[in-house]
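Have a look at the structure below, then the notes.
Protein chains: 2
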Amino acid sequence: MDESKADESRAEWLDGETKVLEAPGDHGAEIRLWLRLLTCTTLAETEIRRRLREEFDFTLPRFDLMAQLERAENGMVLGEVSRRMMVSAGNLTALVERLVEMGYVSRTVSPKDRRVQIVALTDEGRAAFRTMADRHGEWVGELFKDLSRHDEALLMEALGRLKGSVRSALSGPQ
Amino acid sequence: MDESKADESRAEWLDGETKVLEAPGDHGAEIRLWLRLLTCTTLAETEIRRRLREEFDFTLPRFDLMAQLERAENGMVLGEVSRRMMVSAGNLTALVERLVEMGYVSRTVSPKDRRVQIVALTDEGRAAFRTMADRHGEWVGELFKDLSRHDEALLMEALGRLKGSVRSALSGPQ
DNA sequence: CGGAAAAACTTTAAGCTTGAAGTTTTTTTC
DNA sequence: GAAAAAAACTTCAAGCTTAAAGTTTTTCCG
Chain R
1 MDESKADESR
11 AEWLDGETKV
21 LEAPGDHGAE
31 IRLWLRLLTC
41 TTLAETEIRR
51 RLREEFDFTL
61 PRFDLMAQLE
71 RAENGMVLGE
81 VSRRMMVSAG
91 NLTALVERLV
101 EMGYVSRTVS
111 PKDRRVQIVA
121 LTDEGRAAFR
131 TMADRHGEWV
141 GELFKDLSRH
151 DEALLMEALG
161 RLKGSVRSAL
171 SGPQ
Chain L
1 MDESKADESR
11 AEWLDGETKV
21 LEAPGDHGAE
31 IRLWLRLLTC
41 TTLAETEIRR
51 RLREEFDFTL
61 PRFDLMAQLE
71 RAENGMVLGE
81 VSRRMMVSAG
91 NLTALVERLV
101 EMGYVSRTVS
111 PKDRRVQIVA
121 LTDEGRAAFR
131 TMADRHGEWV
141 GELFKDLSRH
151 DEALLMEALG
161 RLKGSVRSAL
171 SGPQ
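Below, the structure is given as structure tokens:
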């Protein structure tokens, strides 16, 4: 858009008050780390999608949605599902509709607020999810098999800090 | 990992010929690690997609495709792009078509084998990619800002081993 | 009270993605 | 030297995803 202002006014910002914008915008190490992270995730996710499809004729988004609902004994407001899954509300409309058709999920209008939809697992849905979740656990275990306990703990911690870094970068500007 | 309850309930199943089903079906730690990995990736990727869209009206798949082509001075066979990007060939057809229309990519039939398509960045494409890639680097640097050098190196190594584990699980059963 | 704003969705258009089926060209095999 | 098999795509249908716009309901506030 307006790329002109950044260049023009940059010189002025370079005096004391603002931190220098790293002359060599290297970031090479971070990019490589980012790509490796992406590769790990993509490899594992693709395989999990494939097995879910092959073994249960099911999709990962549906599985993820049911996973959210499993923890909520009395169902969950759609907006809350949206927030937890980090997907748009518009996305969920069709997803929930499908699961309702399959008999795995129920959807009711809240009596307190008629704008609100409450979704919950049916008994059948809960049973189906349990079966799939058990296999899912085995798959992840298999994919991570060669990782030592030490690496596991170490990744858990370091990824926690990475998550913090990303989150702080996202909330920072505002 | 000592889930003795599981061991007990499983005992009756353990007639001689059935092989023990790995560990007790716990995998809790692996699942949590997997979910954390997924969260990190999703958070960063969503933000990168958003900025690419906002600042350049461009998509991540197109960016990724151009990133592959940038390293190939003389273009690349479509099948090779497919393998490197880990996406289906059918996916690339439309993607390449778009970039050709934009003037960022050229596509030619190989003279040696008329089934083969060779794709390459145009000069304009190369310039456009450079601009976007620079910003992309800054974004990743920003998102990973709070990560220490030590964590960076540590993640790089441990994720390398994770990648190996996943790869070996994929190629194992054949 | 009553209009404006906000909230919680739903709908829609555009784009990515895949697996499966189809096409064209090359290689293998007998 | 054909027929068969393989390779390298392209096409297609189905599904996920989002941003933006639209609908209904509730809340705010003057």
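The listed protein sequences derive, respectively, from chains R and L. Heads up, the first sequence is in the UniProt record's numbering, so the first residue is 1 and it goes up one at a time. Heads up, the second sequence is in the UniProt record's numbering, so the first residue is 1 and it goes up one at a time. Idealized CB from N, CA, C, for every residue including glycine. These numbers come from a predicted model, not from an experiment.
ask   = What does DSSP give as the partner residues of Ser106/L in its beta bridges?
value = Ala120/L
task = Would you mind reading off the limits of the alpha helix (DSSP H) that contains Val166/R?
result = 149-171
query = Between the stretch 78-95 of chain R and the stretch 144-154 of chain R, do three or more beta carbon pairs fall short of 8 Å?
reply = no
query = Are any of the Cβ atoms in chain R nearer than 8 Å to that of Val119/L?
reply = no
key: Nearest-angstrom Cα separation, counted from Ala128/L out to Phe56/L   = 10 Å
request  = Report the rounded CA-to-CA distance for Glu22/L versus Trp139/R, giving the unit in angstroms.
outcome  = The predicted position of Glu22/L is uncertain, since its pLDDT is 44 and thus under 50; no value can be drawn from it.
request  = State the CB to CB distance for the pair Lys145/L and Ser106/R, rounded to an integer number of angstroms; the pair is presumed to be in contact (CB under 8 Å).
outcome  = No, Lys145/L and Ser106/R are not in contact; Cβ-Cβ is about 44 Å, not under 8 Å.
message = Just to confirm before moving on: does the CB-CB distance between Glu54/L and Ala169/R stay below 8 Å?
response = no
message = Can you pull the chain R neighbours of Val81/L, defined as C-beta to C-beta under 9 Å?
response = None at all; the shortest Cβ gap to chain R is about 16 Å.
key: Residue environment, Met66/R, which counts as buried when at least 16 other CB atoms sit within 10 Å   = buried
task = Under 8 Å between beta-carbons, which chain L residues line up against Glu152/R? List them in chain order, please.
result = Ala29, Glu30, Leu33
query = Taking C-beta to C-beta, are Leu99/L and Leu155/R nearer than 8 Å?
reply = no
Enclosing alpha helix (DSSP H) for Ala72/R [first to last residue] = Premise fails: Ala72/R is in no alpha helix (DSSP H) and is neither H nor E.
Near-chain R residues of the stretch 33-64 of chain L (beta-carbon distance less than 8 Å), N- to C-terminal order = Leu33, Trp34, Arg36, Leu37, Leu38, Thr39, Cys40, Thr41, Thr42, Leu43, Ala44, Glu45, Thr46, Glu47, Glu55
message = Taking 8 Å as the threshold (beta carbon to beta carbon), is Ser168/L in contact with chain R?
response = yes
query = Exposed or buried, what is Arg50/R when buried is set at 16 or more other beta-carbons lying within 10 Å of its beta-carbon?
reply = exposed
inquiry  = Between Leu78/R, Arg84/R, Arg83/R, which has its C-alpha nearest Ile118/R's C-alpha?
reply    = Leu78/R
request  = Return the chain-ordered list of same chain residues with a C-beta closer than 8 Å to the C-beta of Ser110/L, the five sequence neighbours on each side being excluded.
outcome  = Val77, Val116, Gln117, Ile118
ask   = Does Phe129/L come within less than 8 Å of chain R when only Cβ atoms are used?
value = no
key: Through-space distance from Ala120/R to Gly103/R, alpha-carbon basis   = 11 Å
query = Beta-carbon of Ile165/L versus every beta-carbon of chain R: anything under 8 Å?
reply = Checking the sequence, you will find Ser at residue 165/L rather than Ile. At least one chain R Cβ lies under 8 Å of Ser165/L.
message = Given a cut-off of 8 Å on the beta-carbon distance, is the pair Lys163/R and Arg36/L in contact?
response = yes
ask   = What first and last residue would you give for the alpha helix (DSSP H) that runs through Ser88/R?
value = First-last for Ser88/R: undefined, no H or E at that position.
key: Thr131/R, buried or exposed, once every other Cβ within 10 Å from all chains shown has been counted against 16   = exposed
query = Checking contacts by CB at 8 Å: is Arg161/R closer than that to chain L?
reply = yes
ask   = Comparing the C-beta of Val109/L with each C-beta of chain R, is any distance below 8 Å?
value = no
message = Using only CA atoms, which one of Ala29/R, Thr122/R, His136/R, Gly160/R lies nearest to Ala44/R?
response = His136/R
key: Beta-carbon proximity of Thr41/L to Thr41/R, cut-off 8 Å   = yes
ask   = Any idea if Glu30/L is buried or exposed, counting beta-carbon neighbours within 10 angstroms, 16 or more meaning buried?
value = buried
task = Starting from Ala89/R, find everything on chain L with Cβ-Cβ shorter than 8 Å and list it in chain order.
result = In chain order: nothing, as chain L lies at least about 15 Å away.
ask   = How many Å lie between Gly75/R and Arg84/R at the Cα?
value = 14 Å
message = Let me confirm a value: Ala89/R is counted as buried when at least 16 other C-beta atoms fall within 10 Å, else exposed. Which label applies?
response = exposed
message = Contact criterion: CB-CB distance below 8 Å. Does Glu138/R meet it with respect to chain L?
response = yes
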